[in-house]
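Some notes on the structure that comes next.
Numbering (the working numbering), first residue to last: 2 to 262.
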């Protein structure tokens, strides 16, 4: 059983969904980034999703995009991702990395997998890599005990849901809305519908991302999903208060939300 399997088994035993918190590595600078992922772990995130800042994001909304630009200006380098992963793991969370595929290709697929595993990483989320074109990564991930995590979306056909989930390990990333990341006033009906459709083709845990920003929304999503992914709201909280107080407060609120569903 992998560390991700352990997370979802423990959450199920506690009658709740898992909380997955996202922050870009190196934001607003590397030392603060290391402390920020420790804060997520210590305040209730079961999984810490470490993002790779990227100059040409396809999926990131304005909050994450600005944070990525800040991290790059502060001197972020890809090797810093592994330092952030190690900090999250040491603090007790299970870390996964989310990145567009080009940085992995540039770094070297096998080398990236080896360094991620050595840092204590459990898997990799790749929003712009589909399983059909991911054989190199699937081979490297398998060799190093890492979980490949792909995305399903409201536009996914039944055939695509089946083929995508068959390539996943650990969990499936359920993108609740079409479009980019960002805080939204409501989660919307598409998330629950997509979770129901995806459950028809896989037994893997289903984690819903895009749009959750409050404890109330986390509780709503936890009512039908196995995991709740929060990104932009946490990034914004860190940006508003780099002393980490607001980040800790929001993480506490979200952790309470997944426990009261």
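Every residue gets a Cβ at the ideal spot worked out from N, C-alpha and C, and that includes glycine.
Going by beta-carbon coordinates alone, are residue i and residue j separated by less than 8 Å?
i: residue 1; j: residue 125; result: Since the first and last residues shown for the chain are 2 and 262, residue 1 lies out of range.
i: residue 145; j: residue 114; result: yes
i: residue 255; j: residue 20; result: yes
i: residue 64; j: residue 214; result: no
i: residue 199; j: residue 162; result: yes
i: residue 245; j: residue 68; result: no
i: residue 92; j: residue 39; result: yes
i: residue 177; j: residue 197; result: no
i: residue 48; j: residue 95; result: yes
i: residue 28; j: residue 71; result: yes
i: residue 108; j: residue 73; result: no
Check the DSSP bridge columns for residue i and list the partner residues they point to.
i: residue 208; result: 174, 228
i: residue 99; result: 52, 126
i: residue 148; result: 124
i: residue 19; result: 228
Of all the options the options, which has the alpha carbon lying nearest to the alpha carbon of residue i?
i: residue 24; options: 16, 55, 2; result: 55
i: residue 75; options: 32, 201, 12; result: 32
i: residue 130; options: 160, 120, 174; result: 174
i: residue 111; options: 164, 242, 147; result: 147
i: residue 193; options: 219, 258, 251; result: 219
i: residue 202; options: 231, 165, 238; result: 165
i: residue 221; options: 204, 257, 250, 103; result: 257
Would you please state the rounded distance, in angstroms, between the beta carbons of residue i and residue j? I believe it to be under 8 Å.
i: residue 99; j: residue 52; result: 5 Å
i: residue 172; j: residue 9; result: 7 Å
i: residue 259; j: residue 229; result: 5 Å
i: residue 45; j: residue 253; result: 6 Å
i: residue 139; j: residue 168; result: 7 Å
i: residue 117; j: residue 83; result: 7 Å
i: residue 26; j: residue 77; result: 7 Å
Segment contact, 8 Å Cβ cut-off, at least three pairs: the region 198-213 with the region 224-231
yes
Within 8 Å, do at least three Cβ pairs link the region 154-169 to the region 84-91?
no
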